[in-house]
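This report refers to the structure that appears directly beneath it.
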Amino acid sequence: MIKRYYKKGEAVFRVGESSNAVFLLISGEVGLFFPTDLSEPYMHIRESETFGEMGLIEGELRNARATCLTDCLVVHIERADFDAKYEDADPLIRALVRSLSSRLRDANRKLSTQQRLAVA
């Protein structure tokens, strides 16, 4: 695990990047942005919340941009550390997490598409 400070406006990750970590926000606020609208976050991440888990769980590239809305302190939990905890979890819990992650990704894609169509 690595702690890193970010300045307001700095990206934690961008669309299309490899999903090699999950993040825990220690202080500050992070916005998640659809690639179709970088002006308004579709989700606000606040202290003690995680983000970036979907790509790690599903082995997918990042499908959103995470940008610091304020100065932030973020803990990076690397894939190996996450995988060790995830693989030790009960099989039912792993299945539930994969299912929820997949459903959330599908919902985000639909929202992003609807948003793109509304702007056009």
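Using this note's numbering, the first residue of the sequence shown is number 22, and each one after it goes up by one. We treat Cβ as the ideally placed atom computed from N, Cα and C, and that holds for glycine. As the structure is a computational prediction, the values presented were derived from the model and not from experiment.
If you look at residue 44, you'll find it in the beta strand (DSSP E) that goes 42 to 48. Ranked by Cα distance from residue 82, the first of 113, 37, 91 is 37. Relative to residue 117, the option among 22, 57, 78 whose CA is nearest is 78. Listed in chain order, the non-local C-beta contacts of residue 32 below 7 Å within the same chain comprise 86, 87, 88, local neighbours out to five positions each way being set aside. For residue 83, there is no enclosing alpha helix (DSSP H), as DSSP marks it with neither H nor E.
Secondary structure note for residue 100: its alpha helix (DSSP H) is the uninterrupted segment 100 to 109. Taking the Cα positions, residue 120 is about 26 Å away from residue 22. About 5 Å separates the beta carbon of residue 126 from that of residue 75, a gap short enough to meet the 8 Å contact definition. For residue 50, the closest of 58, 61, 91, 69 by C-alpha to C-alpha distance is 91.
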